[in-house]
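See structure below.
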Amino acid sequence: MAGTTPPPSDADVGPAVRPNISPVNSYQQKPLLVVVNASGRQASSVIRVASAVGYRVRGQLRSVSKDAQLSAELQSLPDVTLVEGSLEDPDFVANELFKDCDLAFVNTTPYGWTDEAVTGKRLADAALAHGVKFYVYSSLTDHSTHSVNALPPLPLWKTKFDVEEYIRKLGLPAAFPYVGCYHNNFSSRPYPLWQLTPIEDGSFEWRTPFPEDVGIPFIDTEHDMGAAVIQILKDGPRKWNGKRIALAFEILTPPEACLLFSRGLGRPVRYVNAPLEIKIPIPDGYRKQLEGILHTLCDNKAIYFRPEMECPETARSIWPGWRGLEEYAREVWPIEERQNMAPWTLEEMGNAGGSGLVTPADELEHGLEFAA
Numbered sequence: 001m002a003g004t005t006p007p008p009s010d011a012d013v014g015p016a017v018r019p020n021i022s023p024v025n026s027y028q029q030k031p032l033l034v035v036v037n038a039s040g041r042q043a044s045s046v047i048r049v050a051s052a053v054g055y056r057v058r059g060q061l062r063s064v065s066k067d068a069q070l071s072a073e074l075q076s077l078p079d080v081t082l083v084e085g086s087l088e089d090p091d092f093v094a095n096e097l098f099k100d101c102d103l104a105f106v107n108t109t110p111y112g113w114t115d116e117a118v119t120g121k122r123l124a125d126a127a128l129a130h131g132v133k134f135y136v137y138s139s140l141t142d143h144s145t146h147s148v149n150a151l152p153p154l155p156l157w158k159t160k161f162d163v164e165e166y167i168r169k170l171g172l173p174a175a176f177p178y179v180g181c182y183h184n185n186f187s188s189r190p191y192p193l194w195q196l197t198p199i200e201d202g203s204f205e206w207r208t209p210f211p212e213d214v215g216i217p218f219i220d221t222e223h224d225m226g227a228a229v230i231q232i233l234k235d236g237p238r239k240w241n242g243k244r245i246a247l248a249f250e251i252l253t254p255p256e257a258c259l260l261f262s263r264g265l266g267r268p269v270r271y272v273n274a275p276l277e278i279k280i281p282i283p284d285g286y287r288k289q290l291e292g293i294l295h296t297l298c299d300n301k302a303i304y305f306r307p308e309m310e311c312p313e314t315a316r317s318i319w320p321g322w323r324g325l326e327e328y329a330r331e332v333w334p335i336e337e338r339q340n341m342a343p344w345t346l347e348e349m350g351n352a353g354g355s356g357l358v359t360p361a362d363e364l365e366h367g368l369e370f371a372a
């Protein structure tokens, strides 16, 4: 939340021109990319793009059957193999996961039998032992380490930062994307911080404690994460080794975000500054994270990324084909809401059933991946 930019014009957030991503040289052995937690939003986006441009992919999952529909989709992609294995299993991580691997993308989660920091360090040790040439680790900031306006760290972000620091000490060639807030955090379901509450007149309210004058960095994770990470991998350590990369393509204040969402939906979406409401069961660890967000990001208006990180310029230079919040609201969010059988969509659906798409609310309830 380093600053704000004016709301993009229609031209900025309309359908973007998608530059071509050149495939990997087919005359060479295709590089093997290992992707950890393959069913996550970040990881699955990376897998889709990696397959499309010619990488071999080994995607790790705890259980292929847990998300059978997504697993089937990913396994149907060219040169993608999913392997079952627990990141809490030292033998699997040390001996199997990175075998013959060239590149890696790792986004750990705070849920598991082993502490995330232990898991993250174990993965880095194994990658180094197997000679991984470039390791992209999805990290986040520790606000207590900021040289200006240091504040208590957010607990689920500090763990990732601690793993990042460990990777640096190992000397493993690595880059560290810091990912902004997901577009699909927004849901009409009672997701803390991000619920768009349907109103009887057909409009929505975003009732949130985020201050109206502080910019929030946004990314359409499923659309843009993979393209950005693959470009970082193609550029390699010569350009990115040791670098922190702010992966967010727009910085919007809450009223600006509501304006773009309103344009996309064709319905009024109003920002209402309101205290945090928790309407669903949440893990204790995430409750502490929410308390930290209220103190650090809301009350003290701390920046989301580190002060030296350029946002959104860096992300846009890596991937010019990004999808803005207005385009997401127009083309994607209504589909996700219909698939989840959101009540506000049932009339236009004729009360037809949905396909059971997993939303951030589901992710929170089931202990999977979420952002900010």
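Under the UniProt record's numbering, think of the first position of the sequence shown as 1, with each following residue one higher. Where a beta carbon is used, it is the ideal one built from N, C-alpha and C, also for glycine. As the structure is a prediction and not an experimental result, all values here were calculated from the model.
As a beta-bridge residue in DSSP terms, N273 pairs with T208. No residue range can be given for Q195, since it is assigned to no alpha helix (DSSP H) and is classified by DSSP as neither H nor E.
Judged by beta-carbon spacing, W206 lies within the 8 Å limit of Y271, meaning their Cβ atoms are closer than that value. V46: member of the alpha helix (DSSP H) spanning 41-53, first to last residue.
Assignment of C298 by DSSP, reduced to helix, strand and coil, places it in the helix class. Distances from the CA of L33 to each of G180, Y182, D102, F249 were compared; the closest alpha carbon is that of D102. Contact between the stretch 116-130 and the stretch 162-170 is present: three or more C-beta pairs spanning the two stretches fall below 8 Å.
Assigned with DSSP and collapsed to three states, F186 falls in coil, not helix or strand. In the structure shown, the three-state DSSP call for F249 is coil. In this structure, L74 places its C-beta atom within 8 Å of the C-beta atom of A38.
Non-local beta-carbon contacts of P237 in its own chain, meaning distances under 6 Å to residues more than five positions away in sequence, involve F134, P173 in chain order. Closest option to L193, judged by alpha-carbon separation, among Q42, D201, Y286: Y286. In this structure the stretch 264-281 does not lie against the stretch 215-233, because fewer than three pairs of beta carbons, one per stretch, are closer than 8 Å.
CA-to-CA, the gap between A124 and R56 works out to about 20 Å.
If you draw a straight line from the Cα of I47 to the Cα of E84, it is about 16 Å long. Membership of L33 in the beta strand (DSSP E) is indicated by the continuous run 32-35. A Cβ-Cβ separation of about 18 Å leaves T145 out of contact with E116 under the 8 Å criterion. Taking L82 as the centre and dropping the five residues before and after it, the same chain places the C-beta of A38, G59, L61, V64, S71, L74, Q75 closer than 7 Å to its C-beta, in chain order. For I219, the uninterrupted beta strand (DSSP E) run begins and ends at 216-219, by DSSP.
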